[in-house]
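Notes for the one structure printed next.
There are 2 protein chains.
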Amino acid sequence: MARKPNQSPERGDARTRLLEAARDIIRQKGFAATSVDDLCRSAGVTKGAFFHHFKTKEALGVAAAAFWSQTTGALFSAASYHAPEDPLERILAYLEFRRSIIGGETFEYTCLVGTMTQEVHATAHPIRDACAESIFGHAATLEPDISAAMRLHGITADWTAESLARHTQAVLQGAFILAKAAGNAELARESLDHLIRYVRLLFGQTAAL
Amino acid sequence: MARKPNQSPERGDARTRLLEAARDIIRQKGFAATSVDDLCRSAGVTKGAFFHHFKTKEALGVAAAAFWSQTTGALFSAASYHAPEDPLERILAYLEFRRSIIGGETFEYTCLVGTMTQEVHATAHPIRDACAESIFGHAATLEPDISAAMRLHGITADWTAESLARHTQAVLQGAFILAKAAGNAELARESLDHLIRYVRLLFGQTAAL
DNA sequence: AACAATACCGACCGTATGGTATGTGTCAAT
DNA sequence: ATTGACACATACCATACGGTCGGTATTGTT
Numbered sequence: 001m002a003r004k005p006n007q008s009p010e011r012g013d014a015r016t017r018l019l020e021a022a023r024d025i026i027r028q029k030g031f032a033a034t035s036v037d038d039l040c041r042s043a044g045v046t047k048g049a050f051f052h053h054f055k056t057k058e059a060l061g062v063a064a065a066a067f068w069s070q071t072t073g074a075l076f077s078a079a080s081y082h083a084p085e086d087p088l089e090r091i092l093a094y095l096e097f098r099r100s101i102i103g104g105e106t107f108e109y110t111c112l113v114g115t116m117t118q119e120v121h122a123t124a125h126p127i128r129d130a131c132a133e134s135i136f137g138h139a140a141t142l143e144p145d146i147s148a149a150m151r152l153h154g155i156t157a158d159w160t161a162e163s164l165a166r167h168t169q170a171v172l173q174g175a176f177i178l179a180k181a182a183g184n185a186e187l188a189r190e191s192l193d194h195l196i197r198y199v200r201l202l203f204g205q206t207a208a209l
Numbered sequence: 001m002a003r004k005p006n007q008s009p010e011r012g013d014a015r016t017r018l019l020e021a022a023r024d025i026i027r028q029k030g031f032a033a034t035s036v037d038d039l040c041r042s043a044g045v046t047k048g049a050f051f052h053h054f055k056t057k058e059a060l061g062v063a064a065a066a067f068w069s070q071t072t073g074a075l076f077s078a079a080s081y082h083a084p085e086d087p088l089e090r091i092l093a094y095l096e097f098r099r100s101i102i103g104g105e106t107f108e109y110t111c112l113v114g115t116m117t118q119e120v121h122a123t124a125h126p127i128r129d130a131c132a133e134s135i136f137g138h139a140a141t142l143e144p145d146i147s148a149a150m151r152l153h154g155i156t157a158d159w160t161a162e163s164l165a166r167h168t169q170a171v172l173q174g175a176f177i178l179a180k181a182a183g184n185a186e187l188a189r190e191s192l193d194h195l196i197r198y199v200r201l202l203f204g205q206t207a208a209l
């Protein structure tokens with residue numbers, strides 16, 4: 001029997017399938033515990049394909065972080081939380097949106113780059129740099145709304161829009177850790193509730209939820 | 001030359017030295033990326049000693065989490081934040097204390113069990129269970145003060161002391177992730193500031209910091 | 001002193017891992 | 001029709017890894 005190469009899954013998408021596999025498996029097992037063979041098996045490709053697209057495993061990590069930035073960036077920019085006219089309402093809608101997508105299996109709602117950051121955070125580590133860009137890049141998208149809300153509500157505070165934007169991401173990341181520890185997504189939502197209450201209090205609303 | 005076994009470091013402390021090495025190295029590289037040889041080298045012991053004290057590498061992970069609970073538990077129970085008479089002041093003093101010990105190299109102030117949780121959070125994983133016990137056990141030590149403060153300040157809220165205690169730990173864990181991503185401890189302190197402001201607002205104080 | 005238990009050493013083993021070298025099928029341009 | 005670039009596949013390699021094993025000091029007990 002002559003060779004029957006694997007071309008049932010469309011040819012040319014091995015790279016994407018590897019990145020999707022990385023996104024899911026690394027969120028379950030972490031970067032170091034995820035082997036190249038794991039990724040190839042899950043993506044349905046061979047090692048040759050892997051190292052054709054990525055020079056090293058580390059290069060895949062960097063690419064996975066970039067892939068994460070792109071896909072989640074598209075998700076967020078298309079989401080409806082940008083609709084309200086009041087910038088504070090947009091912020092609260094963002095947080096509600098983040099809360100609403102927490103559920104199902106842990107690896108389905110937690111953050112890839114947050115997970116990888118925990119493992120590889122030596123200074124000047126390329127994966128860490130890619131993760132940092134993803135996290136802080138996303139945080140930066142919140143700043144305009146926060147600044148606008150501060151102006152509109154006449155807030156003169158000892159905190160900055162930048163710091164609050166980063167804090168929202170810190171709460172999200174920490175919420176994921178507690179949810180992972182307990183194996184319970186509800187714990188993540190619980191912290192999101194506290195964050196939403198905090199933002200309301202900051203802008204002078206009483207803590208009605 | 002006859003054999004000259006390693007007995008300059010006092011005999012009998014190999015286990016402790018391995019746990020200390022695990023505490024430091026796992027916080028730098030993560031659990032999976034930390035090899036048994038790494039630990040032995042850092043602790044100045046041999047593999048024989050390692051597997052004499054720990055049946056498997058996973059068993060060391062569990063023991064390291066327990067060791068972490070014990071040592072940090074002793075640190076916290078001896079700390080001076082318990083002194084104030086007003087329970088709210090004790091809570092704020094706790095958060096200030098947590099803030100004050102953030103500094104230096106990343107691996108010196110971040111949380112071992114938070115780091116390990118990110119990697120091994122399959123259900124029924126013994127390391128994850130040990131990490132969860134450490135995190136939620138510590139959170140539980142805050143509940144009495146929060147409950148007392150709620151009573152004293154006449155707070156009837158839609159949140160519980162338990163959930164706020166957990167939220168403080170979520171913020172801490174998330175603050176560590178951002179600090180790791182940026183390689184900057186200041187980012188962790190920044191989130192702690194927001195958390196302190198939140199607690200003040202919750203208990204009716206204005207956000208003076 | 002004899003003995004047993006404990007703590008530790010260091011060589012060794014099987015396997016899994018990241019990575020390489022080479023080959024093969026596909027497609028587009030010439 | 002030929003060529004060359006690309007996207008894979010297959011077989012293979014060197015090493016690093018977790019773990020084992022037989023042995024040797026040291027300590028406590030009787």
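Residue numbers (full-length UniProt numbering), protein chains in the order written: chain U, 1 to 209; chain B, 1 to 209. Beta carbons are placed, not taken as given, at the ideal position from N, Cα and C, and that holds for glycine.
Take the Cβ of residue i as the centre, count every other Cβ of all protein chains shown within 10 Å, and call the residue buried at 16 or more, exposed below.
| i | result |
| --- | --- |
| Q118/U | buried |
| E85/U | exposed |
| I26/B | buried |
| G30/U | buried |
| Y198/B | buried |
| H194/B | buried |
| D145/B | buried |
| T168/B | buried |
| Q173/U | buried |
| R166/B | buried |
| S134/U | buried |
| S69/U | buried |
| T115/B | buried |
| K4/B | Confidence at K4/B is low in this model, with a pLDDT of 34, below 50, so the placement of that residue is unreliable and no value is reported for it. |
Using a Cβ-Cβ distance cut-off of 7 Å, determine whether residue i contacts chain B.
| i | result |
| --- | --- |
| I155/U | no |
| I101/U | no |
| Y94/U | no |
| E105/U | no |
| H194/U | yes |
| A66/U | no |
| A2/U | Residue confidence for A2/U is low, a pLDDT of 28 falling below 50, so the modelled location carries little weight; the figure read from the coordinates is stated next. A2/U does not count as touching chain B. |
| G174/U | yes |
| L201/U | yes |
| I25/U | no |
| residue 260/U | An answer regarding residue 260/U cannot be provided, because it is not within the stretch 1 to 209 covered by chain U. |
For chain U, check one thing: does any of its Cβ atoms lie closer than 7 Å to the Cβ of residue i?
| i | result |
| --- | --- |
| I127/B | no |
| V171/B | yes |
| A21/B | no |
| I177/B | yes |
| I135/B | yes |
| A185/B | no |
| G12/B | no |
| S191/B | yes |
| A181/B | yes |
| Y81/B | no |
Leaving out five residues on either side along the sequence, give the residues of the same chain with a beta carbon under 8 Å from the beta carbon of residue i.
| i | result |
| --- | --- |
| H121/U | R128 |
| A148/B | P87 |
| I91/U | L142, D145, I146, A149 and V199 |
I'd like the list of long-range same chain contacts for residue i, defined as Cβ closer than 7 Å, with 5 residues on each side in sequence excluded.
| i | result |
| --- | --- |
| V62/B | P126, I127 and A130 |
| F50/B | L18, V36, L39 and C40 |
| G103/U | Y109 and A185 |
| R15/U | H53 |
| S100/U | none |
| Q28/B | F107 |
| A93/B | Y81 and P84 |
| R98/U | L172 and L192 |
| D158/U | none |
Looking only at its chain, what residues have a beta carbon closer than 6 Å to the beta carbon of residue i, apart from the 5 residues adjacent to it on each side?
| i | result |
| --- | --- |
| residue 218/B | As shown, chain B starts at 1 and ends at 209. That puts residue 218/B outside it, with no answer to give. |
| T106/U | K180 |
| R132/B | Note that residue 132/B is Ala in the sequence shown here, rather than Arg. Within the same chain, A132/B has no close Cβ partners at all. |
| F67/B | L19 |
Under 7 Å, CB to CB, which of the residues in the region 30 to 62 of chain U have a partner in chain B? G30, A32 and A33
Contacting positions in the region 142 to 168 of chain B - beta carbon closer than 8 Å to chain U: A157, D158, W159, S163, L164, R166 and H167
Ignoring anything shorter than 4 residues, give me the alpha helix (DSSP H) runs that lie fully in the region 104 to 159 of chain B, in order along the chain. 106 to 109, 112 to 119, 126 to 140 and 143 to 152
Short of 7 Å Cβ to Cβ, which residues in the region 106 to 122 of chain U face chain B? T106, G114, T115, T117, Q118, E119 and H121
Of all the alpha helix (DSSP H) runs that stay within the bounds of the region 8 to 88 of chain B, which reach a length of 4 or more residues? 14 to 29, 36 to 43, 47 to 53 and 57 to 78
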